[in-house]
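According to our numbering, the sequence shown holds residues 634 to 1036 in order. Glycine residues also receive a C-beta, built at the ideal position from the N, C-alpha and C atoms. Here is the structure we will look at.
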Amino acid sequence: MRLFFLICFVYDSSSRIQFYAWYIRYIDLFFPSVADCSLFSAWRTLATRIEPSDTLDAIELLLGGCGSSDKLDTIDLLLGGHGKTHRDAASVQATHPIPASCGLYYFEVKIVSKGRDGYMGIGLSAHGVNMNRLPGWDKQSYGYHGDDGHSFCSSGTGQPYGPTFTTGDVIGCGVNLVDNTCFYTKNGHHLGTAFRDLPPNLYPTVGLQTPGEVVDANFGQQPFVFDIEDMMNELRSKTRMEIYNFPVPESQGEWQAILSKMVSTYLVHHGYCNTAEAFSQTTDTPFSEDLSSIRNRQRILKLVLAGRMGEAIERTFRLYPGLLENNQNLLFMLKCRQFVEMVNGSDVDVCTRKNCNLSTSPRPCSPVQTSVIQSTKNFNKSKQAVEGVCIIMACYPPPCFID
């Protein structure tokens, strides 16, 4: 699907020019909310204020996706002259502006026929601009004209820009919303920047002046002649490099160093050794603790969470000598937890008390048994029960804890 609109002039018996405009679907990509079964939902002529005439429905054209009874209305523009002066020009404008969030906007127009003189303009215009003029001649209107290759920036005086274009040429118009510039292409070749400092909310606009001019517009439903994808990738890469190379003031650098140290300390404290190592390499933030010590703490933490308190206590004594001896309260809390896990059947010391041949006897606990720590995550009452056991043990320590 593509957007096709045909604009031509027809002389009637009263020597007036009738302006006809047809189109066939195809603006779904850039204008998804625009109805495609009626001309007047897709294009408008603001200056003429001429409503569709019920008497001008002789042209029938069935559109894909529309009912068989639908007809294309025409816009009857009462234009003076015979397409010889600028007062005989007329433009069409899309009903929706260029989306501000797209970053890079692009459409192409194929010149099917240059008509009598090829006075055609392709460009952009703001809401409310006079549609009885070619784009670029009025304020907040921008256009590239085919008869002389000049660019017109809100002025009747053009500036040399690019080559002329005629029948068979494909002219593209692109808007870079990152830096608010407009560029054109001809037959797939970039012509350079035409306009800068564009205002927001501009509409794609095409203007014709002499009879027989026919153009075919493509808003992305068909492949573009110009490689816009390559330009989009280049724009993304350029944006990434600008962000990466953005200078950081020294004061902000010190603040960033403090944040990096806080994150590194958090990762080390919780035993995320792999993440801490990767973070240190990326931010050049050193940490004082050895990686092997972090991994040992992580293993001990996993033993505690699994309810294997005996192994956790033994490994703490071995890897961190003097820690538990100098922290009797911590040792007592671990012993209390060990007793609870023994009652629960999760700790290996259950086997030590029931089997003298530990090396050859299998662990007696059930394979589906979980630690009390894990169980208390799902049952609120378990926490109260464990605290009660700890209180009892504080008054009556079991013999198995007496060295």
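| query | Below 8 Å between beta carbons: does that hold for F859 and T826? | reply | no
| field | Helix, strand or coil at Y738 according to DSSP, with G and I counted as helix | value | strand
| task | Could you tell me which residues DSSP pairs with S758 in its beta bridges? | result | S774 and Y836
| request: Pull up the CB-CB distance for G769 and C786, whole angstroms please, since I reckon it's below 8 Å. | output: 7 Å
| task | List the endpoints of the continuous beta strand (DSSP E) containing T814. | result | T814 to K819
| request: Could you spell out where the beta strand (DSSP E) holding L824 opens and where it closes? | output: H822 to F828
| request: Indicate the three-state DSSP secondary structure (helix, strand or coil) for L810 in the structure shown. | output: coil
| message | Using the three-state DSSP reduction, which class does F879 fall into: helix, strand or coil? | response | coil
| Would you report the Cα separation of F920 and G736, rounded to the nearest angstrom? | 42 Å
| said: Quick check on DSSP: helix, strand or coil for L938? | reply: helix
| request: Give every residue of the same chain whose Cβ lies closer than 8 Å to the Cβ of T799, excluding the five residues on either side of it in the sequence, and list them in chain order. | output: I744, K747, G751 and G779
| message | Which of the three DSSP states is assigned to D849 in this structure? | response | strand
| Count the other CB atoms within 10 Å of the CB of L963; is the residue buried (16 or more) or exposed (fewer)? | exposed
| task | Return helix, strand or coil for L924, following the three-state DSSP convention. | result | helix
| task | May I ask you to report which of helix, strand or coil DSSP gives F950? | result | helix
| Three CB pairs or more closer than 8 Å across the segment 844-853 and the segment 723-740 | yes
| request: Could you tell me how far apart the beta carbons of I755 and V742 are, in whole angstroms, since I believe they sit closer than 8 Å? | output: 5 Å
| task | Please work out which residues of its chain come closer than 7 Å, Cβ to Cβ, to G904, disregarding the five sequence neighbours upstream and downstream, and give them in chain order. | result | I927, R930, Q931 and L934
| field | Host beta strand (DSSP E) of F972 (start-end) | value | Run containing F972: none in the beta strand (DSSP E); it sits in the alpha helix (DSSP H), Q961 to N977.
| Alpha carbon to alpha carbon, what distance is there between F740 and A723? | 20 Å
| Which two residues bound the contiguous alpha helix (DSSP H) that contains A723? | Segment A723 to A727 is the beta strand (DSSP E) holding A723; no alpha helix (DSSP H) there.
| request: Check M764 in the structure and name its three-state DSSP category. | output: coil
| query | What is the DSSP secondary structure of V858, counted as helix, strand or coil? | reply | coil
| said: Taking the alpha-carbon of S897 as reference, which of T916, E887, A945 and Y953 has the nearest alpha-carbon? | reply: T916
| task | Provide the residue(s) that pair with K747 in DSSP beta bridges, ordered along the chain. | result | E846
| task | Leaving aside the five residues before and after E922 along the sequence, list all residues of the same chain whose C-beta is less than 7 Å from its C-beta, in chain order. | result | V901
| Helix or strand or just coil, what does DSSP make of S674? | Summary for S674: the model assigns pLDDT 31, below 50, so the residue's position carries little reliability; its value from the coordinates is reported in the next sentence. DSSP places S674 in helix when its eight states are reduced to three.
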